[in-house]
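Novice:
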Amino acid sequence: MATKLATLAKAELYRRLIDVFEENLNLPPVRFPEIKVYTQEDIEKAAEKCRIDWGLGFGPLDNMTRLAEKLGAFVTSFDSVSDDVDALSVPLERPFIVRNTAKKSPCRQRFDIAHEVGHLIFHGGISTGDRITESQANRFASALLLPRSAMAKYFPKPIGGRIDWKGLSQFKLTWKVSKAAIIYRAHQLSLLTDAQYKTAFFGLKRKGEAIDEKEDCLISHEKPELFYNAMDVLLNNVYSDIESLSKRLNILPEMLRELINEKYSEKILFKSQSKSNLNHDNVISLSSYRLACS
């Protein structure tokens, strides 16, 4: 209960910060479509349409976090998120996605963000967390990260009925999706038989890769950038220091420092304190900064 309350409190503070960003900065437009889905085929087509509309093609997604930010969502992490929660999204006019930093696998975090993007597209205005909505978001994440056309062409099919572990490892490094998720997706698309699917999962367990997979250390963790850049611009061009921004948010400076310190080095907190005589009426564009949407 305490963990949930702490998460809700931070989410409210984060929402207030986003409102201030909206007032002062030109943020990327929100581009999450609203799509109703009823069948697995609907979800597959929705993921394919999103890839086309977002100009992604059907190859590997280099950075899922950057994509979510390019589409207008903030991505962050709260240490208070329960270990039982992979990620959560808050479907406001300017949505944000909260990652669970306890999940160490970079592939798992990419999948979790794609899952939350699915919720934002399919489930606006309705409660999620039930079997149906979670299944839909999972299917979307799989279809977005591993399009069926690419799976049919590039998935390393079994050789002589045996799992191609070397090919699977290379496929994972190319697509940045866990071997477990790839195996599940391949079975979903009938690229693996029931027997091959079971053999593959037992193989992962036997190798000690049921949770952490050996290639994970070769894949970089994605870091949110939009919040960092927005805060950087805000503290250097709009508010002279943490105290003035805290006053605008009607919170104690310590609360704001705590929220920011969970994500960024202290330099962003204090390098702006020498800035003064700023025009607070200007709306500042972030286009000249290295944004997550660039």
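One point on numbering: in my numbering, the residue at position 141 of the sequence shown is 182, and numbering is uninterrupted.
Glycine included, each C-beta is placed from N, C-alpha and C at the ideal position.
Just so you know, these numbers come straight off a predicted model, no measurement behind them.
Determine, using beta carbons only, whether I223 and L245 come nearer to each other than 8 Å.
Specialist: The residue you call residue 223 lines up with position 182 of the sequence shown. The residue you call residue 245 lines up with position 204 of the sequence shown. Contact flag unset, no.
Novice: Between the region 95-111 and the region 138-155, are three or more C-beta pairs nearer than 8 Å?
Specialist: Result yes; three or more Cβ-Cβ pairs closer than 8 Å.
Novice: Hey, Q229 and S190 are a contact pair by Cβ (cut 8 Å); roughly how many whole angstroms apart?
Specialist: Taking the first residue of the sequence shown as 1, we reach residue 229 at position 188. Taking the first residue of the sequence shown as 1, we reach residue 190 at position 149. Between S190 and Q229 the Cβ distance is about 14 Å, and since that is not below 8 Å, they are no contact.
Novice: So, are the CB atoms of L293 and V61 less than 8 Å apart?
Specialist: In the sequence shown, the residue the question calls residue 293 occupies position 252. In the sequence shown, the residue the question calls residue 61 occupies position 20. Cβ distance not < 8 Å, so L293 and V61 don't count as in contact.
Novice: Applying the criterion that 16 or more other CB atoms from any shown protein chain within 10 Å of the CB defines a buried residue, is H262 buried or exposed?
Specialist: As a first step, residue 262 is located in the sequence shown; it is residue number 221 there, counting from the start. Result: exposed.
Novice: How should C148 be labelled, buried or exposed, when 16 other C-beta atoms within 10 angstroms of its C-beta is the threshold for buried?
Specialist: In the sequence shown, counting from the first residue as 1, residue 148 sits at position 107. With 16 or more other Cβ atoms within 10 Å, it is buried.
Novice: Got a sec? Which residues, its chain only, sit under 6 Å from I260 by beta carbon, not counting five neighbours each side?
Specialist: In the sequence shown, counting from the first residue as 1, residue 260 sits at position 219. Beyond the five residues adjoining it in sequence on each side, I260 comes within less than 6 Å, by CB distance, of P147, K217 in the same chain, given in chain order.
Novice: Who does R203 pair with in a DSSP beta bridge?
Specialist: Your numbering for residue 203 matches position 162 in the sequence shown. Secondary-structure assignment with DSSP links R203 through a beta bridge to I200.
Novice: Would you kindly work out how many angstroms separate the C-alpha atoms of Y55 and L186, rounded to a whole number?
Specialist: Here residue 55 is taken as the residue at index 14 of the sequence shown, counted from 1. Here residue 186 is taken as the residue at index 145 of the sequence shown, counted from 1. Between Y55 and L186, the C-alpha separation is close to 28 Å.
Novice: Which residue comes first and which comes last in the alpha helix (DSSP H) that contains N278?
Specialist: Walking along the sequence shown from the start, residue 278 turns up at place 237. 267-278 is the span of the alpha helix (DSSP H), which, as asked, contains N278.
Novice: Comparing alpha-carbon positions, which option in F137, E53, F99 lies nearest V71?
Specialist: The residue labelled residue 71 in the question sits at position 30 within the sequence shown. Of the listed residues, the one whose Cα sits closest to V71 is F137.
Novice: Tell me the residue span of the alpha helix (DSSP H) that contains D94.
Specialist: Start at 1 with the first residue of the sequence shown, and residue 94 comes out as number 53. Where D94 is concerned, the enclosing alpha helix (DSSP H) stretches over 81-94.
Novice: If you run the structure through DSSP and keep just helix, strand and coil, what is G208?
Specialist: Start at 1 with the first residue of the sequence shown, and residue 208 comes out as number 167. Helix, per DSSP.
Novice: Measure the Cβ-Cβ separation of L232 and K198 and say whether it is below 8 Å.
Specialist: Sequence index remark: in the sequence shown, residue 232 carries index 191 (1-based). Sequence index remark: in the sequence shown, residue 198 carries index 157 (1-based). Result yes, Cβ atoms of L232 and K198 sit closer than 8 Å.
Novice: Give the straight-line distance between the Cα atoms of L297 and H160, rounded to the nearest whole angstrom.
Specialist: What you label residue 297 is simply residue 256 of the sequence shown in a count that begins at 1. What you label residue 160 is simply residue 119 of the sequence shown in a count that begins at 1. Straight-line Cα distance between these residues: approximately 28 Å.
Novice: Run through DSSP, which three-state label would S146 get?
Specialist: As a first step, residue 146 is located in the sequence shown; it is residue number 105 there, counting from the start. Reduced to three states, the DSSP call for S146 is coil.
Novice: First and last residue of the alpha helix (DSSP H) that includes S176?
Specialist: If you number the sequence shown from 1, residue 176 lands on position 135. Run containing S176: 172-186, per the alpha helix (DSSP H) assignment.
Novice: Helix, strand or coil: how does DSSP classify A251 here?
Specialist: Locating residue 251 in the sequence shown gives position 210, where the first residue counts as 1. Coil.
Novice: Pop quiz: E6 and K220 are said to be a contact at Cβ under 8 Å. What is the actual Cβ separation, rounded to whole angstroms?
Specialist: As shown, the chain starts at 42 and ends at 335. That puts residue 6 outside it, with no answer to give.
Novice: Please state the DSSP three-state secondary structure of F311.
Specialist: Position 270 of the sequence shown holds residue 311. Because F311 sits at a pLDDT of 47, beneath the cut-off of 50, its placement in the model cannot be relied upon, and the following sentence gives the value as read from the coordinates. Residue state, collapsed to three classes: helix.
Novice: For V158, which of helix, strand or coil comes out of DSSP?
Specialist: To locate residue 158, count along the sequence shown from 1; it is residue 117. It is helical.
Novice: Report the rounded CA-to-CA distance for S281 versus L49, giving the unit in angstroms.
Specialist: Counting from 1 along the sequence shown, the entry for residue 281 is found at position 240. Counting from 1 along the sequence shown, the entry for residue 49 is found at position 8. Computed Cα separation, rounded: 28 Å.
Novice: Between I252 and the ligand GDP, is there a pair consisting of the residue's CB and a ligand heavy atom that are separated by less than 7 Å?
Specialist: Ligands displayed in this structure: none; no statement on the ligand GDP is therefore possible.
Novice: Between L286 and L276, is the Cβ-Cβ spacing less than 8 Å?
Specialist: Within the sequence shown, the letter at position 245 stands for residue 286. Within the sequence shown, the letter at position 235 stands for residue 276. Yes.
Novice: Can you check which of these residues, K194, S168, K239, Y225, is closest to R203 by C-alpha distance?
Specialist: Position 162 of the sequence shown, counted from the start, is the residue given in the question as residue 203. Of the candidates K194, S168, K239, Y225, the one whose C-alpha sits nearest the C-alpha of R203 is K239.
Novice: Does DSSP classify L102 as helix, strand or coil?
Specialist: Along the sequence shown, one-based indexing puts residue 102 at 61. Of the three classes helix, strand and coil, the one that applies to L102 here is coil, per DSSP.
Novice: Could you give the C-beta distance for C162 and A114, rounded to a whole number, given that I count them as a contact under 8 Å?
Specialist: Position 121 of the sequence shown holds residue 162. Position 73 of the sequence shown holds residue 114. This sequence places Ile at residue 162; Cys is not what is there. That belief does not hold up - the Cβ atoms of I162 and A114 are roughly 11 Å apart, past 8 Å.
Novice: Taking all protein chains shown into account, decide if A251 is buried (16 or more other Cβ within 10 angstroms of its Cβ) or exposed.
Specialist: The sequence position of residue 251 within the sequence shown is 210, counting from 1. Classification for A251: exposed.
Novice: By DSSP, does K217 sit in helix, in strand, or in coil?
Specialist: As a first step, residue 217 is located in the sequence shown; it is residue number 176 there, counting from the start. K217 falls in the coil class under three-state DSSP.
Novice: List the endpoints of the continuous alpha helix (DSSP H) containing I283.
Specialist: Locating residue 283 in the sequence shown gives position 242, where the first residue counts as 1. First-last of the alpha helix (DSSP H) with I283: 283-290.
Novice: How should R140 be labelled, buried or exposed, when 16 other C-beta atoms within 10 angstroms of its C-beta is the threshold for buried?
Specialist: For the purposes of this step, residue 140 is identified with residue 99 of the sequence shown, where counting begins at 1. With 16 or more other Cβ atoms within 10 Å, it is buried.
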